[in-house]
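FYI, in mature numbering (1 follows the signal peptide of the UniProt record, and there is no 0) the residues of the sequence shown are -27 to -1, 1 to 221.
In this text, a Cβ means the ideal position worked out from N, Cα and C, and glycines have one as well.
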Amino acid sequence: MSKTRIPLLGVAGLLLLTTACSGGATATGAPAPATGSGPGKVLFLGDSVAAGEALPLAAAFKASGVEFQSIAADGGGNVVGPFSEENWQKLPGEITSAHPAVVVYQLTTYDWGSREEQRAGYGKLSATVTGAGAKLVFVTTPPIKPDDFYQPHLADLNRAPEVARKVASAGTATVLDASPVWGSTYQQVKDGKADRSADGIHTCPQGAARFTGWLLAELAKLFPGFTPAPAQYWANTGWSADVHFKGC
């Protein structure tokens, strides 16, 4: 995405859409509101899709007075499927050393495997997060437009949210369904602007901003003392110019 196009998405469009998604206030000319008892530090896990979403999330959590760290990884970040063995060699230490209160794991496009393998991976993550004294929140991934690389694994990806819910039913985790943000199928353009990358997988600034507003609103339900900052305090702070956003 060129830097000449990004401001067209960021100044008014992102602010309007994110505020509408989050239900936040629209006051202007005032400092970001002080927050109450928030969720503490939030640690964000996932693949390259999550890495893009982490950009506005970092700005929004900062504006909301909540510490945020992302360890989402390009080409991996998953707890089941390919690369997961390598990830598990370092993931427990990363979670423990981050001292999070909340760990958000967005299901990845690499969460391949049988039902039993997915359940083992998600269960291990739940036990690891609980052991670190944090709360685990699973978030469903945006629907993709699969190419030849992903096509053989669609059944696994479609099954993953159900397995995550089964793991969460033990009471140690929560599952958030992000379909109110993305819909049930990949949609590149929304409200006349690029929402998802043309590659069929990643998000554009507008989509990442809408997701951010939605996720903060959902966390506010889980942590009633948490008041997310309205979109004008984080939607146009420069993150949309990041080179991570391509195909927009």
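Length-filtered (3 minimum) beta strand (DSSP E) runs lying within the segment 90 to 152:
Whole beta strand (DSSP E) segments, 3+ residues: 108 to 112, 146 to 149.
Is Ser(-26) helix, strand or coil by DSSP?
Numbered from its first residue, the sequence shown carries residue -26 at position 2. Annotation note: pLDDT 33 at Ser(-26) (below 50); position unreliable, no value reported.
Does Ala204 pass the burial test, meaning 16 or more other C-beta atoms within 10 Å, or should it be called exposed?
Counted from its first residue, the sequence shown places residue 204 at position 231. Classification for Ala204: buried.
Could you check the C-alpha separation between Ala143 and Pro201 for me, to the nearest Å?
Counting from one through the sequence shown, the residue named residue 143 turns up at place 170. Counting from one through the sequence shown, the residue named residue 201 turns up at place 228. Their Cα atoms are separated by approximately 29 Å.
Val75 - DSSP class collapsed to helix/strand/coil
Numbered from its first residue, the sequence shown carries residue 75 at position 102. Reduced to three states, the DSSP call for Val75 is strand.
Just to check my reading of the structure: Tyr123 and Thr82 have Cβ atoms closer than 8 Å, yes? What is that Cβ distance to the nearest angstrom?
Sequence index remark: in the sequence shown, residue 123 carries index 150 (1-based). Sequence index remark: in the sequence shown, residue 82 carries index 109 (1-based). At roughly 7 Å, the Cβ-Cβ gap stays under 8 Å, so Tyr123 and Thr82 are in contact.
For Val75 and Pro119, believed in contact at Cβ under 8 Å, the rounded distance:
Stepping through the sequence shown from its first residue, residue 119 is reached at position 146. Stepping through the sequence shown from its first residue, residue 75 is reached at position 102. The pair is not a contact, with the Cβ atoms about 31 Å apart (cut-off 8 Å).
Cutoff 6 Å; reference Thr185; Cβ partners in own chain excluding five residues on either side:
By one-based count along the sequence shown, residue 185 stands at place 212. Cβ contact annotation for Thr185 (same chain, cutoff 6 Å, sequence separation greater than five): Pro29, Leu30, Ala33, in chain order.
Going by other Cβ atoms of all chains shown within 10 Å of its Cβ, with 16 needed for buried, is Asn131 buried or exposed?
For the purposes of this step, residue 131 is taken as the residue at position 158 of the sequence shown. With fewer than 16 Cβ atoms within 10 Å of its Cβ, Asn131 is classed as exposed.
According to DSSP, simplified to helix, strand and coil, what is Trp57?
As a working mapping, residue 57 is identified with position 84 in the sequence shown. Reading off the sequence, residue 57 comes out as Ser, not Trp. Ser57 carries a helical assignment under DSSP once its states are collapsed to helix, strand and coil.
Could you give the DSSP three-state label for Gln161: helix, strand or coil?
The residue you call residue 161 lines up with position 188 of the sequence shown. The DSSP-derived three-state label of Gln161 is coil.
Inter-residue spacing [alpha-carbon to alpha-carbon] between Ser213 and Ser70
Against the sequence shown, residue 213 aligns to sequence position 240. Against the sequence shown, residue 70 aligns to sequence position 97. The alpha-carbon atoms of Ser213 and Ser70 are separated by roughly 29 Å.
Examine the Cβ distances between the segment 176 to 184 and the segment 148 to 164 and report whether three or more of them are shorter than 8 Å.
In the pairwise beta carbon analysis, the segment 176 to 184 is classified as touching the segment 148 to 164: at least three pairs are separated by under 8 Å.
To which residues of the same chain is Leu192 closer than 7 Å at the C-beta, ignoring the five residues directly before and after it?
To locate residue 192, count along the sequence shown from 1; it is residue 219. Take Leu192, set aside five residues on each side of it, and the residues of its chain with a beta-carbon closer than 7 Å to its own are Pro12, Phe199, in chain order.
Between Trp155 and Pro116, is the Cβ-Cβ spacing less than 8 Å?
The residue labelled residue 155 in the question sits at position 182 within the sequence shown. The residue labelled residue 116 in the question sits at position 143 within the sequence shown. Yes, these two residues count as a Cβ contact at 8 Å.
Are the Cβ atoms of Ser43 and Asn51 separated by less than 8 Å?
Counting from one through the sequence shown, the residue named residue 43 turns up at place 70. Counting from one through the sequence shown, the residue named residue 51 turns up at place 78. For Ser43 and Asn51, no; Cβs fall outside 8 Å.
According to the Cβ coordinates, are Leu98 and Leu80 closer than 8 Å?
Translated into the one-based positions of the sequence shown, residue 98 becomes position 125. Translated into the one-based positions of the sequence shown, residue 80 becomes position 107. A distance of 8 Å or more separates the beta carbons of Leu98 and Leu80.
Local Cβ density within 10 Å of Val216, reported as buried at 16 or more and exposed below that:
Position 243 of the sequence shown, counted from the first residue, corresponds to residue 216. So Val216 counts as exposed.
With H, G and I counted as helix, E and B as strand and the rest as coil, what does DSSP make of Gly211?
Taking the sequence shown and counting its residues from 1, the one referred to as residue 211 is at position 238. In the three-state reduction of the DSSP assignment, Gly211 falls in the coil class.
Any beta-carbon of chain D closer than 8 Å to the one on Leu64?
In the displayed structure, chain D is absent; only one protein chain is listed.
Quick one: is Arg169 buried, meaning 16 or more other Cβ sit within 10 Å of its Cβ, or exposed?
Here residue 169 is taken as the residue at index 196 of the sequence shown, counted from 1. Arg169 comes out buried.
When burial is assigned at 16 or more other CB atoms within 10 Å of the CB, is Gly211 buried or exposed?
Position 238 of the sequence shown holds residue 211. Gly211 is exposed by the Cβ-count criterion.
Buried or exposed (CB count within 10 angstroms, at least 16 for buried), Glu135:
Looking up residue 135 in the sequence shown gives position 162. With fewer than 16 other Cβ atoms within 10 Å, it is exposed.
When DSSP labels each residue in this structure, what does Thr69 get in the three-state scheme?
The residue labelled residue 69 in the question sits at position 96 within the sequence shown. In the three-state DSSP reduction, Thr69 falls in the helix class (H, G or I).
In angstroms with no decimal places, state the Cα-to-Cα distance between Ala3 and Gln160.
The residue given as residue 3 occupies position 30 in the sequence shown. The residue given as residue 160 occupies position 187 in the sequence shown. Because the pLDDT at Ala3 is just 41, under 50, the model does not fix this residue reliably, and the value given afterwards should be weighed accordingly. When rounded, the distance between both Cα atoms is 35 Å.
Name the residue from Ile174, Thr103, Leu18, Val140 whose alpha carbon lies nearest to the alpha carbon of Asp121.
Indexing the sequence shown from 1 puts residue 121 at position 148. When only C-alpha atoms are compared, the closest one is Ile174.
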